[in-house]
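Numbering of the sequence shown is given in our numbering, commencing with residue 12 and proceeding in unit increments. Heads up: the structure comes next, in structure tokens.
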Amino acid sequence: MKKVLSMLLVLSMVSVLFIGCGKKAAEPAENSEVTTEAAKATTEAATEATAEAPLIAFICKDLSQEWFVGTSSAMKETAMSLGAKDVLLFDTAMSPDKYMTALDSAISQGVDVLIVCPPDQQLSQVTVDRCKEAGIKVMADDDGLIDENGKHIAPALELDAYVVGSSQGEWLATYYKDNKLSELKDKTAYMVMTMDEVSSCVPRAAGALDTFLKITPDFAADKVIKANYDGTADKGFNVVAATITANPDITHWIVTAPNDEGAQGATRALEQAGIDKDACVVGLGGYLGLDELKKDYSAFKAFAYIDPLLDGKIAATAAMAWATEGVVAYSEYIKDGEEFGLYPFGAVMADKTNYQVVMGVE
12 MKKVLSMLLV LSMVSVLFIG CGKKAAEPAE NSEVTTEAAK ATTEAATEAT
62 AEAPLIAFIC KDLSQEWFVG TSSAMKETAM SLGAKDVLLF DTAMSPDKYM
112 TALDSAISQG VDVLIVCPPD QQLSQVTVDR CKEAGIKVMA DDDGLIDENG
162 KHIAPALELD AYVVGSSQGE WLATYYKDNK LSELKDKTAY MVMTMDEVSS
212 CVPRAAGALD TFLKITPDFA ADKVIKANYD GTADKGFNVV AATITANPDI
262 THWIVTAPND EGAQGATRAL EQAGIDKDAC VVGLGGYLGL DELKKDYSAF
312 KAFAYIDPLL DGKIAATAAM AWATEGVVAY SEYIKDGEEF GLYPFGAVMA
362 DKTNYQVVMG VE
């Protein structure tokens with residue numbers, strides 16, 4: 012009896028299996044259609060999502076500069092993580108002509124938000140006008156878009172320039188006093204490197220000079236020498252070398268520069284002249300100054316540290332919010348009487364005594 016029941020059970024199971032297989036075999040065409048429709052819907056949804064994702068572009072005055080390498084990479088990484096379709100990067104190599112070509116390209120590709128750092132701020136109005144005609148949101152990073160009166164005509168992330176320059180001047184004044192350079196006042200001069208063509212850099216130099224003189228009021232006015240350059244290390248080297256040559260009686264130079272490139276160029280010029288051991292250079296940025304601080308000796312002794320990665324993250328986040336939520340970039344920073352907001356980017360002074368803590372490096 013048990014054997015009979017066992018056989019019946021086995022036969023029942025086999026029947027179920029065959030019946031199941033029969034049903035499966037009868038439905039492949041229907042299932043195939045469902046699968047195809049699902050795949051089609053998924054593809055269409057993905058295509059639609061990609062089409063709706065914002066396209067961002069960054070036209071940069073010089074992507075060879077370490078600062079902008081960090082800024083642009085962080086900008087792209089952040090925007091992509093927030094759902095951007097892509098972040099187009101354009102390097103103008105400090106050429107206004109290349110800038111206009113890049114502007115044409117960005118517009119023709121239909122970008123949703125354009126971030127710019129122009130090689131010449133005289134290109135500001137044409138940038139805003141072209142973007143307005145094309146219906147493109149435009150914002151500036153580091154060097155603002157301004158009119159002929161210096162008023163901002165687009166949102167911008169800018170360094171709180173005068174305050175940062177002031178921190179350079181304060182650090183330099185302390186160095187001047189600690190090293191008793193007042194005892195060598197006839198042989199000591201303060202070279203203030205300037206970038207007069209860049210509105211965001213003018214207050215940096217002014218802040219450094221004003222604060223230094225406020226703390227050291229007895230410093231001779233004729234020992235303050237300005238040296239203008241275009242923001243590159245090469246031009247910085249050239250103007251400093253020429254200034255050194257023109258002032259052979261000066262053996263002790265103290266220098267501030269509105270970016271690290273200028274400070275690096277000044278340092279190399281002082282080394283070439285053989286007077287770097289009695290010199291002090293203060294930069295701004297930290298992206299080049301860090302390597303100088305790691306050396307056994309460098310006249311490049313300090314810098315106002317600003318984080319290029321944070322700059323890029325802030326700009327990308329603002330651009331994406333503008334593209335996806337309609338929140339105009341930096342609108343929370345609009346001041347009375349102003350149409351656009353300016354994000355106030357800050358800095359911290361770093362030298363051999365604290366750079367590891369300030370920058371989080373070893």
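Ideal Cβ positions, reconstructed from N, Cα and C, are used throughout, including at glycine.
Quiz item: Going straight from the alpha carbon of Y341 to that of C128, what length do you get?
Solution: What you label residue 341 is simply residue 330 of the sequence shown in a count that begins at 1. What you label residue 128 is simply residue 117 of the sequence shown in a count that begins at 1. Roughly 16 Å between the two C-alpha positions.
Quiz item: With a CB to CB cut of under 6 Å and the five nearest residues on each side skipped, what residues in its chain are close to A68?
Solution: Locating residue 68 in the sequence shown gives position 57, where the first residue counts as 1. So the qualifying residues of the chain are L99, A117, V122, L125.
Quiz item: From T262 to T199, what does the alpha carbon distance come to, in whole angstroms?
Solution: In the sequence shown, residue 262 corresponds to position 251, counting from 1. In the sequence shown, residue 199 corresponds to position 188, counting from 1. Straight-line Cα distance between these residues: approximately 6 Å.
Quiz item: Is there contact between the stretch 307 to 317 and the stretch 130 to 137, where contact requires at least three CB pairs shorter than 8 Å?
Solution: no
Self-check item: Unbroken stretches of the alpha helix (DSSP H), 4 residues or longer, contained in the stretch 189 to 265
Solution: 213 to 226, 244 to 257
Exercise. Return the residue from the list C71, S75, V175, D97 that minimises the CA-CA distance to A64.
Key: In the sequence shown, counting from the first residue as 1, residue 64 sits at position 53. Distances from the CA of A64 to each of C71, S75, V175, D97 were compared; the closest alpha carbon is that of D97.
Self-check item: Contacts around M370, its chain only, beta-carbon distance under 8 Å, and the 5 residues preceding and following it disregarded
Solution: Numbered from 1 along the sequence shown, position 359 holds the residue referred to as residue 370. Correct list, in chain order: G297, L301, Y316, A361.
Quiz item: Going by C-alpha distance, which of T185, L353, D153 is nearest A313?
Solution: Counting from 1 along the sequence shown, the entry for residue 313 is found at position 302. Checking every option, the nearest Cα to that of A313 belongs to T185.
Quiz item: Roughly how many whole angstroms lie between the Cα atoms of V80 and D322?
Solution: Walking along the sequence shown from the start, residue 80 turns up at place 69. Walking along the sequence shown from the start, residue 322 turns up at place 311. If you take the alpha carbons of V80 and D322, they lie about 11 Å apart.
Quiz item: Buried or exposed: where does P259 fall if 16 or more other Cβ atoms within 10 Å of its Cβ makes it buried?
Solution: Position 248 of the sequence shown, counted from the first residue, corresponds to residue 259. Exposed.
Quiz prompt | DSSP-derived helix/strand/coil call for P355 | solution = Taking the sequence shown and counting its residues from 1, the one referred to as residue 355 is at position 344. DSSP places P355 in strand when its eight states are reduced to three.
Practice problem: In the DSSP assignment, find the unbroken alpha helix (DSSP H) run with M86 in it and report its ends. | Solution: For the purposes of this step, residue 86 is identified with residue 75 of the sequence shown, where counting begins at 1. 77 to 92 is the span of the alpha helix (DSSP H), which, as asked, contains M86.
Exercise. State the start and end residues of the unbroken alpha helix (DSSP H) segment that holds V137.
Key: The sequence position of residue 137 within the sequence shown is 126, counting from 1. First-last of the alpha helix (DSSP H) with V137: 135 to 145.
Quiz prompt | Bridge-paired residues (DSSP) for G294 | solution = Within the sequence shown, the letter at position 283 stands for residue 294. Within the DSSP secondary-structure output, G294 pairs in a beta bridge with F314.
Self-check item: Buried/exposed call for A358, threshold 16 Cβ in 10 Å
Solution: Indexing the sequence shown from 1 puts residue 358 at position 347. When all chains shown are included, A358 counts as buried.
Quiz prompt | CA nearest to the CA of G176, picked from A167, V213, T335, K162 | solution = Residue mapping note: residue 176 aligns to position 165 of the sequence shown, counting from 1. Of A167, V213, T335, K162, the residue nearest in Cα terms is V213.
Practice problem: Check M370 in the structure and name its three-state DSSP category. | Solution: As a working note, residue 370 is residue 359 in the sequence shown. Helix at M370.
Practice problem: Note down, in chain order, each residue of its chain lying with its Cβ closer than 8 Å to the Cβ of T58, except the 5 sequence neighbours on either side. | Solution: If you number the sequence shown from 1, residue 58 lands on position 47. Unreliable placement is indicated for T58, whose pLDDT of 49 sits below 50; the coordinate value is still reported in the next sentence. Excluding positions up to five away in sequence, the list is empty.
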